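In full-length UniProt numbering, the protein residues as written are 1 to 290. One structure below.
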Amino acid sequence: MNDNKEKAVRTAYLSIFGNMALAFAKGIAGYFGNSYALIADAIESATDVFSSVLVLFGIRYSSKPADENHPYGHGRAEALVTFAVVGFLLVSATIIAYESVHNIMTPHKTPEKFTLIVLGAIVIIKEIFYRIVSKKSDDVNSSSLKADAWHHRSDAITSAMAFVGISIAIIFGPGYETADDWAALLASFFIIYNAYMIFRPALGEILDEHLYDDVIGEIREIATTVEGVIDTEKCFVRKTGMTYLVDLHLTVKGSITVTEGHEIAHRLKDAIQHQIPEVADVLIHVEPNP
Numbered sequence: 001m002n003d004n005k006e007k008a009v010r011t012a013y014l015s016i017f018g019n020m021a022l023a024f025a026k027g028i029a030g031y032f033g034n035s036y037a038l039i040a041d042a043i044e045s046a047t048d049v050f051s052s053v054l055v056l057f058g059i060r061y062s063s064k065p066a067d068e069n070h071p072y073g074h075g076r077a078e079a080l081v082t083f084a085v086v087g088f089l090l091v092s093a094t095i096i097a098y099e100s101v102h103n104i105m106t107p108h109k110t111p112e113k114f115t116l117i118v119l120g121a122i123v124i125i126k127e128i129f130y131r132i133v134s135k136k137s138d139d140v141n142s143s144s145l146k147a148d149a150w151h152h153r154s155d156a157i158t159s160a161m162a163f164v165g166i167s168i169a170i171i172f173g174p175g176y177e178t179a180d181d182w183a184a185l186l187a188s189f190f191i192i193y194n195a196y197m198i199f200r201p202a203l204g205e206i207l208d209e210h211l212y213d214d215v216i217g218e219i220r221e222i223a224t225t226v227e228g229v230i231d232t233e234k235c236f237v238r239k240t241g242m243t244y245l246v247d248l249h250l251t252v253k254g255s256i257t258v259t260e261g262h263e264i265a266h267r268l269k270d271a272i273q274h275q276i277p278e279v280a281d282v283l284i285h286v287e288p289n290p
């Protein structure tokens, strides 16, 4: 799991420094290019920097080993950090929506053409960031990294909308100066939707929802390969940080000794943790088969 932690930390640093650079570039281009949509994009990237710092903190803290006060580890901290990331998304969406409405009601200049070049580059860069971070989040099983990935995707969406809005303003000229502001307003609703998509699985993790049928299926398949195992009954999986905790009911011959049943359970636990490294612990209850 240390390898997963290091991968997650490196990915979080990539997000932090990438967002810092893009926020600066967007802000400068938006200011000199008369585009609030681009400035709104810069605002979101600025909040992304802080949320990525939170993700980094969550990864480091949630990876701490179990101790006397936290016998199940510190993994739930990652889901809590995801909630904070969602909060940053909602704040940035609110700011963008408010300023967009204000700018729609206030006459201003048509955005400069060069802003389209900046936005086109940003869309490509942010989509690349999304794909990198999303893949890493799947590799290390991190909900907060997944949230960070969606931050990049929402940024790409707002940039794409800004590109469309500015294009309309430039092509149609006077009377369409607010097109990029409308684009920014529409983007704020997409950000809110993405915030919900991030929030929902993190809430499920906190509430121990039944969400891991694929892991349960893999565990049952592994059990069939362990000598002495007749069947598996109840199997519950909880996610905590980048790891899983498993509760499993195991059926063995009723005629064997307690020691033999204990040894079978240990062999199964070892097999599960060997084949599914993300499983931090397996609690097995042994039941006799009549």
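Note that beta-carbon positions come from the ideal geometry of N, C-alpha and C, so glycine has one too. The model shown is predicted, which means the values in this text are computed figures rather than measured ones.
Between the alpha carbons of lysine 26 and alanine 223 lies a gap of roughly 54 Å. The three-state reading of DSSP puts glutamate 205 in helix, counting H, G and I together. In this structure alanine 280 does not touch glycine 33 by the C-beta definition: roughly 50 Å separates them, more than the 8 Å allowed. Distance between aspartate 270 and valine 282, taken at the CA atoms: about 9 Å.
In this structure, glycine 58 places its C-beta atom within 8 Å of the C-beta atom of serine 144. For the pair tyrosine 13 and threonine 47, the Cα-to-Cα distance works out to about 15 Å. Secondary structure of tyrosine 244 (DSSP, three-state): strand. Distance from the CA of tyrosine 130 to the CA of lysine 109, rounded to the nearest whole angstrom, comes to 33 Å. If you draw a straight line from the Cα of phenylalanine 83 to the Cα of threonine 11, it is about 19 Å long. By the C-beta density criterion, aspartate 138 is exposed, having fewer than 16 other C-beta atoms within 10 angstroms. In the assembly as shown, tyrosine 196 is an exposed residue. Its beta-carbon has fewer than 16 other beta-carbons within 10 Å. Under the DSSP definition of a beta bridge, isoleucine 191 lacks any partner. Take alanine 42, set aside five residues on each side of it, and the residues of its chain with a beta-carbon closer than 7 Å to its own are Ala23, Lys26, Gly27 and Gly30, in chain order.
Contact holds between the region 214-234 and the region 260-278, because three or more Cβ pairs, one in each stretch, are under 8 Å apart.
In chain order, Ala223, Leu250, Thr251, Val252, Ile264 and Leu268 place their CB closer than 8 Å to the CB of valine 229, counting only its own chain and leaving out the 5 sequence neighbours on each side. Just so you know, the alpha carbons of valine 85 and valine 91 end up roughly 10 Å apart. With 16 or more neighbouring CB atoms inside 10 Å of its own CB, tyrosine 244 falls in the buried class.
The alpha-carbon separation between phenylalanine 172 and glutamate 99 amounts to approximately 23 Å.
In this structure, Ser45 is the residue among Glu6, Ser45 and Val118 with its C-alpha nearest to the C-alpha of serine 15. Membership of glutamate 287 in the beta strand (DSSP E) is indicated by the continuous run 279-289.
In this structure, Ile276 is the residue among Ile39, Thr106 and Ile276 with its C-alpha nearest to the C-alpha of valine 246. Residue nearest to leucine 56 within the set Asn194, Gly241, Leu116 and Tyr212 is Gly241 (criterion: CA-CA distance).
For valine 237, the closest alpha carbon among the candidates Gly261, Ile256, Val226 and His210 is that of His210. Of the candidates Ser142, Met20 and His151, His151 places its Cα closest to the Cα of glutamate 127.
With 16 or more neighbouring CB atoms inside 10 Å of its own CB, aspartate 148 falls in the buried class. DSSP places glutamate 233 in the strand class (E or B) of the three-state scheme.
Membership of glutamate 112 in any alpha helix (DSSP H) is not indicated, and neither H nor E is assigned to it by DSSP. The beta carbon of lysine 113 sits closer than 7 Å to the beta carbons of Ile170 from its chain, once the five residues preceding and following it are set aside; these are given in chain order.
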